[in-house]
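A.B. asks: Residue numbers (my numbering): 1242 to 1476.
Cβ coordinates follow ideal geometry from the N, Cα and C atoms, glycine included.
#1: What is the rounded straight-line gap between the Cα of residue 1413 and the Cα of residue 1344?
#2: As a quick exercise: from 1401, 1433, 1444 and 1431, pick the residue whose alpha carbon is nearest that of residue 1421.
#3: Where do the ends of the beta strand (DSSP E) carrying residue 1470 lie?
#4: May I have the straight-line CA-CA distance separating residue 1472 from residue 1391, to the nearest angstrom?
#5: Hey, quick one: how far does the beta strand (DSSP E) through residue 1330 stretch, first residue to last?
#6: Could you pull the DSSP bridge partners for residue 1373 from this structure?
#7: Given residue 1428, which residues of its chain have a CB within under 8 Å of its CB, disregarding the five upstream and five downstream residues?
#8: With DSSP as the reference, label residue 1307 as helix, strand or coil.
#9: Where does residue 1451 sit, in a helix, a strand or coil, going by DSSP?
#10: Between the stretch 1395 to 1402 and the stretch 1424 to 1441, are three or more C-beta pairs nearer than 8 Å?
#11: Measure the C-alpha to C-alpha separation of residue 1300 and residue 1306 and round it to an integer number of angstroms.
#12: Could you tell me if residue 1438 is buried or exposed, where buried requires 16 or more neighbouring beta carbons within 10 angstroms of its beta carbon?
#13: Measuring only the C-alpha atoms, how far is residue 1381 from residue 1268?
#14: The alpha helix (DSSP H) that contains residue 1342, what's its start and end?
#15: List the residues that DSSP assigns as beta-bridge partners of residue 1461.
#16: Can you name the residues that DSSP bridges to residue 1378?
#17: Taking C-alpha atoms, which residue in 1309, 1442, 1285 and 1393 lies nearest to residue 1452?
#18: Keeping to the same chain, check which residues put their C-beta closer than 6 Å to that of residue 1320; ignore five residues upstream and five downstream.
#19: Whole angstroms is fine: what's the gap from residue 1359's alpha carbon to residue 1303's?
#20: In or out: residue 1470 buried (at least 16 other Cβ within 10 Å) or exposed?
#21: Note the first and the last residue of the continuous beta strand (DSSP E) segment covering residue 1439.
#22: Report yes if the C-beta distance between residue 1475 and residue 1447 is below 8 Å; otherwise report no.
#23: Any idea what DSSP makes of residue 1322, helix, strand or coil?
Listed below in structure tokens is the structure:
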């Protein structure tokens, strides 16, 4: 009888330990999901902040801190899921003339950003026929000079999509900053193309490329210690 009582006590103790462990694990999962949501908000804010503004460095540090926090919590929970990635611009929506999400992310019409002279240079691609284009203003210099990232998409034969990417000077500034780098990367991070501005370049461009199916790529812009990354997909 005494032995039975001892077994029951040990069983009760073990069950209590298991229940506590399960409860602790679920609390950790809840904190992990909260951290993921916080990180996604940090990414959204970081993407909206212009380099050299007073908010840029704090936003960058906060994004890095939360990313490290998620990686640590992921290890503790045993999950292999990666933290939320940067916002992806869905170019398939552009082909459908749906620019709602693009506008929220800062993608504007060419006419609202570029001067007549710059438009003349940018419009050289319009011989492609049916296409959609948008431009995004980017501040890469401490004196507030703005450059423009231009992306053009055009449907092609056999369900392919033609992509053109350019970077233009804007406003009264006739030239891009020298040594500005424009780079195309694959979804896996492989560098596919790279071009660098010279001292009197009004714009630089990547070679046009064609994609098919559901595919993703990244555009990076570098100047000195500043890097801007834009992710795109055909979804």
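C.D. replies: Let me spell this out:
#1: 24 Å
#2: 1444
#3: 1467 to 1475
#4: 13 Å
#5: 1329 to 1331
#6: 1394
#7: 1456, 1457, 1458 and 1459
#8: helix
#9: strand
#10: no
#11: 10 Å
#12: buried
#13: 42 Å
#14: 1341 to 1345
#15: 1424 and 1470
#16: 1389
#17: 1393
#18: Note that residue 1320 scores 49 on pLDDT, short of 50, meaning its location in the model is unreliable; the coordinates nonetheless yield the value given after this. No residues qualify anywhere along the chain.
#19: 37 Å
#20: exposed
#21: No beta strand (DSSP E) contains residue 1439, which DSSP labels as neither H nor E.
#22: no
#23: Summary for residue 1322: the model assigns pLDDT 47, below 50, so the residue's position carries little reliability; its value from the coordinates is reported in the next sentence. Residue 1322: coil per DSSP, three-state reduction.
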